[in-house]
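Q:
2 protein chains.
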Amino acid sequence: MSLNTVIPIPRRTLHDELVDRLRHMIIEGELAPGEKLSEKDICALFDVSRTPLREAMKVLAKEGLIQLIPNRGATVSKLTMSDLEEAFPIMGALEAVSGELACANITDQEISRMERLHKDMVDCFKARDMSGYFQRNEQIHKLILDAAQNPTLVEMQRSLSGRVRRARYMANMSDERWAQAVAEHEEILKATKERNGPLLGSLLKAHLANKLASVRASLAE
Amino acid sequence: MSLNTVIPIPRRTLHDELVDRLRHMIIEGELAPGEKLSEKDICALFDVSRTPLREAMKVLAKEGLIQLIPNRGATVSKLTMSDLEEAFPIMGALEAVSGELACANITDQEISRMERLHKDMVDCFKARDMSGYFQRNEQIHKLILDAAQNPTLVEMQRSLSGRVRRARYMANMSDERWAQAVAEHEEILKATKERNGPLLGSLLKAHLANKLASVRASLAE
DNA sequence: GACTTGTATTTTGAATACAATATTCAATAT
DNA sequence: ATATTGAATATTGTATTCAAAATACAAGTC
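And the structure:
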């Protein structure tokens, strides 16, 4: 029997499924920041009992996406500027590490995939296709992260960026900033191809810092 | 009424309490790595029902202290060398950030408390009081972290160091390494007093790297 | 009318009950 | 003797029930 090719039957528990679905809804803004999450309503929505839902809520609270107050239920976490200020230095540090580790481990194949994604992303930029741009952008960052070969790092980044991703609804990217971001990505690609870990690390960190600055500027108005 | 001085009546939920107690037991090694955690047994141990226990388990799994396999229950995570190798670069990066942020925010009062702790720690070293040393050592690191004024950073560090703390049972610190660690702490104190963020950051990172190296060496035998 | 105070309703926390899956172990076949 | 099958048992996943706390609201007071 071809044991290696057998894909295990996906059997998820309800609470795992709920974690994924709720997380998605929160990140996509379907559940608004500050919104009260009534157990009753959500149970009705997904047609599950409160037990698996409550288990899922504990996980989401740990990820920082919701807030649980004893005897008072759950609300979707609000995303304030100070939350961003808090998260960004950490994300920056993690980006730097992932850059260093990625350079140490990345394969030629991954690099060429990155080049392809980069090209597509630039095309999206030229066509002013923001949604397509964001998608490629995320894929590139994910590629770097995965190349770092560190599951814990991936998990932490995912958790933080999940919290912060909602910020894209907070501020619109200016045209200059967009162009600048693309330019930064050119350098990021270059450093990766050279497998220059420290450089890639600092580029990624700077890239993130610039992003925060632009959000801050856009909110200051 | 003196509203500011009223301490809220501490009312914790059972699952919160369980999270704390189980975490403590795992970190202290009372629950051995690899040990199966039977819901029935633990419920009996704490005299609670399965509902709050299961909620607590989800949180501990998220912290990486236990592993949950659907329909097969929970086991205490094992701590392998490769887990350490994975965690340390992240912890290093977080240490570096906390050093930078701490220098920006630390008060004179906190610095003098740090000096006091440092002195006590050196005394413990001279008296070969390892337990006392560890205690002060931890307090110093916690002080730096708290000074960074970043709750998310604190939480992430706590989570990672919780996983890794068990490593102290894996390897005994050599006498040279101990002396070296104390010397490193001298520099850490100095950089803090000078409020030299980048320096403190790199010292903390190096301090951690050395620790990992010593664990690795000690395990290599 | 604004503010208490007490009661009804709703919501959450925890325990129990039931269902699904895994494990154990004896009986059977190889 | 070892391996395999299937029933018995145990354990986990989910639903339901019960209890405690919070909220909503109405009646009474100033």
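Which chain is which? The protein sequence lines are A and B, in order.
The first sequence begins at 1 in UniProt numbering and counts up one residue at a time.
The second sequence begins at 1 in UniProt numbering and counts up one residue at a time.
Ideal Cβ placement from N, Cα and C applies to all residues, glycine included.
1. For Ile188 (chain A), I'd like the list of residues in its chain whose CB is within less than 6 Å of its CB, leaving aside the five on either flank, ordered along the chain.
2. List the endpoints of the continuous alpha helix (DSSP H) containing Val48 (chain A).
3. Does Arg23 (chain A) have its Cβ less than 8 Å from a Cβ in chain B?
4. Residues in the same chain with beta-carbon distance under 8 Å from Gly197 (chain A), minus the five sequence neighbours each way, listed in chain order, please.
5. Keeping to the same chain, check which residues put their C-beta closer than 6 Å to that of Glu35 (chain A); ignore five residues upstream and five downstream.
6. What does DSSP give as the partner residues of Thr75 (chain B) in its beta bridges?
7. Which bits of chain B does Met156 (chain A) rub up against, with CB to CB less than 8 Å?
8. Taking Cβ-Cβ distances below 7 Å as the criterion, which residues of the segment 85-111 of chain B are in contact with chain A?
9. Apart from the five residues on each side of it in sequence, which residues of its chain come closer than 7 Å, Cβ to Cβ, to Asp120 (chain B)?
10. Between the segment 52-75 of chain B and chain A, which residues of the former have a C-beta closer than 7 Å to a C-beta of the latter?
11. Name, please, each residue of chain A whose Cβ falls closer than 7 Å to the Cβ of Thr152 (chain B).
12. So, helix, strand or coil for Arg177 (chain A), using DSSP?
13. Would His207 (chain B) count as contacting chain A if we go by Cβ distances under 8 Å?
14. Since Leu153 (chain B) and Ile90 (chain A) are thought to touch, with beta carbons under 8 Å apart, how far apart are those beta carbons, to the nearest angstrom?
15. Residues of chain B with a CB under 7 Å from the CB of Thr13 (chain A): which are they?
16. Please report the straight-line C-alpha distance between Ala183 (chain A) and Met156 (chain A), rounded to a whole angstrom.
17. Please classify Ser159 (chain B) as buried or exposed, where buried requires at least 16 neighbouring CB atoms within 10 angstroms.
18. Let me know if Ser38 (chain A) comes out buried or exposed under the rule of 16 or more other beta-carbons within 10 Å of its beta-carbon.
19. Output needed for Leu79 (chain A): all residues of its chain with C-beta closer than 8 Å, excluding positions within five of it in sequence on either side, in chain order.
20. Could you give the first and the last residue of the continuous alpha helix (DSSP H) run that contains Thr152 (chain B)?
21. Please list the terminal residues of the continuous alpha helix (DSSP H) segment that includes Gly29 (chain A).
22. For the alpha helix (DSSP H) holding Pro198 (chain A), just list the boundary residues, first then last.
23. Following the continuous alpha helix (DSSP H) through Asn137 (chain B), name the residue where it begins and the one where it ends.
24. Please work out which residues of its chain come closer than 8 Å, Cβ to Cβ, to Val48 (chain B), disregarding the five sequence neighbours upstream and downstream, and give them in chain order.
25. For Glu115 (chain B), does the three-state DSSP call read helix, strand or coil?
26. Excluding five sequence neighbours on each side, which residues of the same chain lie with their C-beta closer than 8 Å to the C-beta of Arg23 (chain A)?
27. Excluding the five sequence neighbours on either side, which residues of its own chain have a C-beta within less than 6 Å of the C-beta of Arg177 (chain B), listed in chain order?
28. Just the Cα atoms here: how many angstroms apart are Met25 (chain B) and Leu31 (chain B)?
29. Would you check if the distance between the CB atom of Met114 (chain A) and the CB atom of Thr51 (chain A) is smaller than 8 Å?
30. Kindly indicate the opening and closing residues of the alpha helix (DSSP H) around Leu100 (chain A).
31. In this structure, how does DSSP classify Glu194 (chain A) when only helix, strand and coil are distinguished?
32. From B:Glu110, B:Leu117, B:Ala220, pick the residue whose C-alpha is nearest to that of His185 (chain B); which is it?
33. Closest by CA to Phe125 (chain B), which one among B:Ala148, B:Ser112, B:Asp175?
34. Output needed for Leu84 (chain A): all residues of its chain with C-beta closer than 7 Å, excluding positions within five of it in sequence on either side, in chain order.
A: So, from the listed chains and residues:
1. To locate residue 188 (chain A), count along the first sequence from 1; it is residue 188. So the list reads Leu203, once near-sequence residues are dropped.
2. Residue 48 (chain A) sits at position 48 when you count from the first residue of the first sequence. First-last for Val48 (chain A): undefined, no H or E at that position.
3. Within the first sequence, the letter at position 23 stands for residue 23 (chain A). Arg23 (chain A) does not count as touching chain B.
4. On the first sequence, position 197 is the one that residue 197 (chain A) refers to. So the qualifying residues of the chain are Gly99, Glu100, Leu101, Ala102, Cys103, Ala104.
5. To locate residue 35 (chain A), count along the first sequence from 1; it is residue 35. Counting only Cβ-Cβ distances below 6 Å, and skipping sequence neighbours, we find Val76.
6. To locate residue 75 (chain B), count along the second sequence from 1; it is residue 75. DSSP lists B:Lys36, B:Gln67 as partners of Thr75 (chain B).
7. Residue numbering aside, residue 156 (chain A) sits at position 156 when the first sequence is read from its first letter. Those within 8 Å of Met156 (chain A) in chain B are Ile90, Met156.
8. Glu86, Ala87, Pro89, Ile90, Ala93, Leu94, Ala96, Val97, Leu101
9. Along the second sequence, one-based indexing puts residue 120 (chain B) at 120. Correct list, in chain order: Arg136.
10. Arg54, Glu55, Lys58, Val59, Lys62, Pro70
11. On the second sequence, residue 152 (chain B) is found 152 positions in, with the first residue counted as 1. Those within 7 Å of Thr152 (chain B) in chain A are Glu86, Ala87, Ile90.
12. Within the first sequence, the letter at position 177 stands for residue 177 (chain A). DSSP places Arg177 (chain A) in helix when its eight states are reduced to three.
13. Working through the second sequence from its first residue, we reach residue 207 (chain B) at position 207. Answer no: the Cβ-Cβ gap between His207 (chain B) and chain A never drops below 8 Å.
14. On the second sequence, position 153 is the one that residue 153 (chain B) refers to. On the first sequence, position 90 is the one that residue 90 (chain A) refers to. Leu153 (chain B) to Ile90 (chain A), Cβ: 6 Å. Contact.
15. Within the first sequence, the letter at position 13 stands for residue 13 (chain A). Within 7 Å Cβ-Cβ: Pro70.
16. The residue given as residue 183 (chain A) occupies position 183 in the first sequence. The residue given as residue 156 (chain A) occupies position 156 in the first sequence. Spanning the two alpha carbons is a distance of roughly 27 Å.
17. Locating residue 159 (chain B) in the second sequence gives position 159, where the first residue counts as 1. Its Cβ being crowded by 16 or more others within 10 Å, Ser159 (chain B) is buried.
18. By 1-based counting over the first sequence, the position of residue 38 (chain A) is 38. Ser38 (chain A) is exposed by the Cβ-count criterion.
19. Indexing the first sequence from 1 puts residue 79 (chain A) at position 79. Hits under 8 Å: Pro33, Arg163, Val164, Arg166, Ala167, Met170.
20. The residue given as residue 152 (chain B) occupies position 152 in the second sequence. 151-165 is the span of the alpha helix (DSSP H), which, as asked, contains Thr152 (chain B).
21. By one-based count along the first sequence, residue 29 (chain A) stands at place 29. That residue, Gly29 (chain A), is in no alpha helix (DSSP H); it is neither H nor E in DSSP.
22. Within the first sequence, residue 198 (chain A) is the residue found at index 198, counting from 1. It spans 197-220 - the alpha helix (DSSP H) in which Pro198 (chain A) sits, taken as one unbroken run.
23. Mapped onto the second sequence, residue 137 (chain B) falls at position 137. Its alpha helix (DSSP H) spans residues 130-147.
24. To locate residue 48 (chain B), count along the second sequence from 1; it is residue 48. The residues are Leu14, Leu18.
25. In the second sequence, counting from the first residue as 1, residue 115 (chain B) sits at position 115. If DSSP states are grouped into helix, strand and coil, Glu115 (chain B) belongs with the helices.
26. On the first sequence, residue 23 (chain A) is found 23 positions in, with the first residue counted as 1. Excluding positions up to five away in sequence, the list reads Leu60, Glu63, Leu65, Gly162.
27. Residue 177 (chain B) sits at position 177 when you count from the first residue of the second sequence. Cβ neighbours of Arg177 (chain B) beyond the five flanking positions: Ser214.
28. Position 25 of the second sequence holds residue 25 (chain B). Position 31 of the second sequence holds residue 31 (chain B). Each residue's Cα considered, the two are about 6 Å apart.
29. In the first sequence, the residue the question calls residue 114 (chain A) occupies position 114. In the first sequence, the residue the question calls residue 51 (chain A) occupies position 51. It is not a contact, given that the beta carbons lie outside the stated cut-off.
30. Within the first sequence, residue 100 (chain A) is the residue found at index 100, counting from 1. It should be noted that the sequence gives Glu, not Leu, for residue 100 (chain A). That run of the alpha helix (DSSP H) goes 81-105.
31. Here residue 194 (chain A) corresponds to residue number 194 of the first sequence, with the count starting at 1. Of the three classes helix, strand and coil, the one that applies to Glu194 (chain A) here is coil, per DSSP.
32. Residue mapping note: residue 185 (chain B) aligns to position 185 of the second sequence, counting from 1. Looking at the Cα atoms, B:Leu117 is the closest of the given residues.
33. Taking the second sequence and counting its residues from 1, one reaches residue 125 (chain B) at position 125. Comparing Cα-Cα distances from Phe125 (chain B) to each of B:Ala148, B:Ser112, B:Asp175, the minimum goes to B:Asp175.
34. In the first sequence, residue 84 (chain A) corresponds to position 84, counting from 1. Cβ within range, chain order: Val164, Ala167, Leu212, Val215.
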